[in-house]
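J.: Residue numbers (my numbering): 5 to 306. Here a beta-carbon is modelled for each residue, glycine too, at the ideal position from N, C-alpha and C.
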């Protein structure tokens, strides 16, 4: 039975996240290390907020990676896994777990990524919408007919996310509703992520990431851009750069895992979105999620 660990991305942050894990010495050490790296009190930001400060990309991205890795540090000796993957920002948690880089590098990378994405969002205004209840091929056809919009996330057959200019998003939302989409939901984000409007972040981050050395992963890694198994450190670095302006092909990642014989899917982090997508796509597979200390205790007690 092959196991895969999945790590969630931005949008899964909330005030008091990871609070119940903080009592563990291992976790407290990770928090102290993070605060030192970012020169800010991450426990205060995560436990007290306020929400608008936590939601800033530079803070949210650090907080989500820290929560995910804190959980992983508590279960790593209890669970065997053959592959890892992460949704957008979650890819950094996955690569950290695969030992491609160390914890300090991971925090520095996501902090910079968050800062640059926020700045890019201010330079080139844009927004994102989630489309529910419309065939993907129909969505792609509509998107290709409207200027300034692209598909940003393929989140299973039930949901597709579109990113682009404010005008383009308004136009595409109207068209999608007319064509029968059940719901078109505007997302609370600070920019048009995974679109060409993030080009500034892509260029700056491409330079920044070259300061860090990547190692060969200790397990299989599936990347968002290729939706495939990758193990070459330089190619992984290249795909991380491209991810900022490219779609997250999550549906294809899950299909590739299924095709390769993966039976157990574990989501690790402050969310249950990825486990929800996996359950819908594969009702016959075992899907689990770890977000709270209680869930870890209950699972390993059985």
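With the cut-off set at 9 Å, would you say residue 134 and residue 195 are in Cβ contact?
T.: To locate residue 134, count along the chain shown from 1; it is residue 130. To locate residue 195, count along the chain shown from 1; it is residue 191. No; because the gap between Cβ atoms is not below 9 Å, this pair is not in contact.
J.: Output needed for residue 4: all residues of its chain with C-beta closer than 8 Å, excluding positions within five of it in sequence on either side, in chain order.
T.: Summary: the structure shown does not reach residue 4, with the chain confined to residues 5 through 306, and so no result is reported for it.
J.: Just to confirm, is the Cβ distance from residue 236 to residue 220 under 9 Å?
T.: In the chain shown, residue 236 corresponds to position 232, counting from 1. In the chain shown, residue 220 corresponds to position 216, counting from 1. Going by C-beta atoms, residue 236 is nearer than 9 Å to residue 220.
J.: Would you list, in sequence order, the uninterrupted beta strand (DSSP E) runs of no fewer than 3 residues that lie entirely inside the segment 121-192?
T.: If we require 3 residues or more, the beta strand (DSSP E) runs fully inside the segment 121-192 come out as 131-136, 153-158, 163-168 and 187-190.
J.: Pull up the CB-CB distance for residue 206 and residue 127, whole angstroms please, since I reckon it's below 8 Å.
T.: Counting from 1 along the chain shown, the entry for residue 206 is found at position 202. Counting from 1 along the chain shown, the entry for residue 127 is found at position 123. Rounded, the Cβ-Cβ distance is 12 Å, inconsistent with contact.
J.: Which runs of the alpha helix (DSSP H), 4 residues or longer, sit entirely within the segment 71-123?
T.: You should have 94-101.
J.: May I ask which residues mark the beginning and end of the beta strand (DSSP E) holding residue 9?
T.: Position 5 of the chain shown, counted from the first residue, corresponds to residue 9. Here the beta strand (DSSP E) through residue 9 covers 6-11.
J.: I need the boundaries of the alpha helix (DSSP H) containing residue 60, first residue and last residue.
T.: Counting from one through the chain shown, the residue named residue 60 turns up at place 56. Residue 60 -> no alpha helix (DSSP H), and no H or E assigned at all.
J.: Quick one: grab the DSSP three-state call for residue 293.
T.: Residue mapping note: residue 293 aligns to position 289 of the chain shown, counting from 1. Three-state result, residue 293: strand.
J.: Identify the residues that DSSP records as bridge partners of residue 226: which are they?
T.: Stepping through the chain shown from its first residue, residue 226 is reached at position 222. 89 and 233, per the DSSP bridge assignment.
J.: What do you get for residue 137, buried or exposed, if any count of 16 or more other CB atoms within 10 angstroms of its CB means buried?
T.: Residue numbering aside, residue 137 sits at position 133 when the chain shown is read from its first letter. Under this definition residue 137 is an exposed residue.
J.: Hey, could you find the ends of the beta strand (DSSP E) residue 260 is sitting in?
T.: Taking the first residue of the chain shown as position 1, residue 260 is located at position 256. No beta strand (DSSP E) contains residue 260, which is instead part of the alpha helix (DSSP H) from 254-263.
J.: Taking contact to mean at least 3 C-beta pairs separated by less than 8 Å, is the segment 10-17 in contact with the segment 275-287?
T.: Segments in contact, yes.
J.: So what does DSSP say about residue 3, is it helix, strand or coil?
T.: A query on residue 3 cannot be resolved here, the shown segment of the chain reaching from 5 to 306 and no further.
J.: Are the beta-carbon atoms belonging to residue 78 and residue 117 less than 9 Å from one another?
T.: As a first step, residue 78 must be located in the chain shown, where it is residue number 74. As a first step, residue 117 must be located in the chain shown, where it is residue number 113. Result no, Cβ atoms of residue 78 and residue 117 do not sit closer than 9 Å.
J.: Could you round the C-beta distance between residue 122 and residue 167 to whole angstroms and report it? I think they count as a contact, below 8 Å.
T.: For the purposes of this step, residue 122 is taken as residue 118 along the chain shown, with counting starting at 1. For the purposes of this step, residue 167 is taken as residue 163 along the chain shown, with counting starting at 1. Between residue 167 and residue 122 the Cβ distance is about 15 Å, and since that is not below 8 Å, they are no contact.
J.: Does the segment 244-258 come close enough to the segment 155-162 that 3 or more CB-CB pairs lie under 8 Å?
T.: Yes, since at least three Cβ pairs between the segment 155-162 and the segment 244-258 fall closer than 8 Å, the two stretches touch.
J.: Apart from the five residues on each side of it in sequence, which residues of its chain come closer than 6 Å, Cβ to Cβ, to residue 104?
T.: Here residue 104 corresponds to residue number 100 of the chain shown, with the count starting at 1. Closer than 6 Å at Cβ, skipping near neighbours: 218, 219 and 221.
J.: Which residues in the same chain have their Cβ closer than 7 Å to the Cβ of residue 230, if we skip the five residues on either side of it in sequence?
T.: Here residue 230 refers to the residue found at position 226 of the chain shown. The residues are 243.
J.: Quick one: what's got a C-beta closer than 7 Å to residue 17's C-beta in the same chain, skipping five residues either side?
T.: As a first step, residue 17 must be located in the chain shown, where it is residue number 13. Correct list, in chain order: 58, 59, 64, 67, 68 and 274.
J.: How about residue 149 and residue 178: do their beta carbons lie closer than 9 Å?
T.: Locating residue 149 in the chain shown gives position 145, where the first residue counts as 1. Locating residue 178 in the chain shown gives position 174, where the first residue counts as 1. Taking 9 Å as the Cβ cut-off, residue 149 and residue 178 do not qualify as a contacting pair.
J.: Can you give the Cα-Cα distance for residue 151 and residue 61, rounded to whole angstroms?
T.: Translated into positions along the chain shown, residue 151 becomes position 147. Translated into positions along the chain shown, residue 61 becomes position 57. Distance between the alpha carbons of residue 151 and residue 61: 27 Å.
J.: From what residue to what residue does the alpha helix (DSSP H) around residue 203 run?
T.: For the purposes of this step, residue 203 is taken as the residue at position 199 of the chain shown. Element bounds for residue 203: 203-212.
J.: So, at 7 Å on beta carbons, what are the nonlocal neighbours of residue 114 in its own chain, with the 5 sequence-adjacent residues on each side left out?
T.: Sequence index remark: in the chain shown, residue 114 carries index 110 (1-based). 65, 66, 69, 93 and 96, listed in sequence order.
J.: How would you call residue 297, buried or exposed, if buried means at least 16 neighbouring beta carbons within 10 angstroms?
T.: Reading the chain shown from its first residue, position 293 is the one you call residue 297. Per the 10 Å Cβ criterion, buried.
J.: Does any heavy atom of the ligand ZN sit closer than 8 Å to the C-beta of residue 135?
T.: Ligands in the displayed structure: none, and consequently the ligand ZN is not present.
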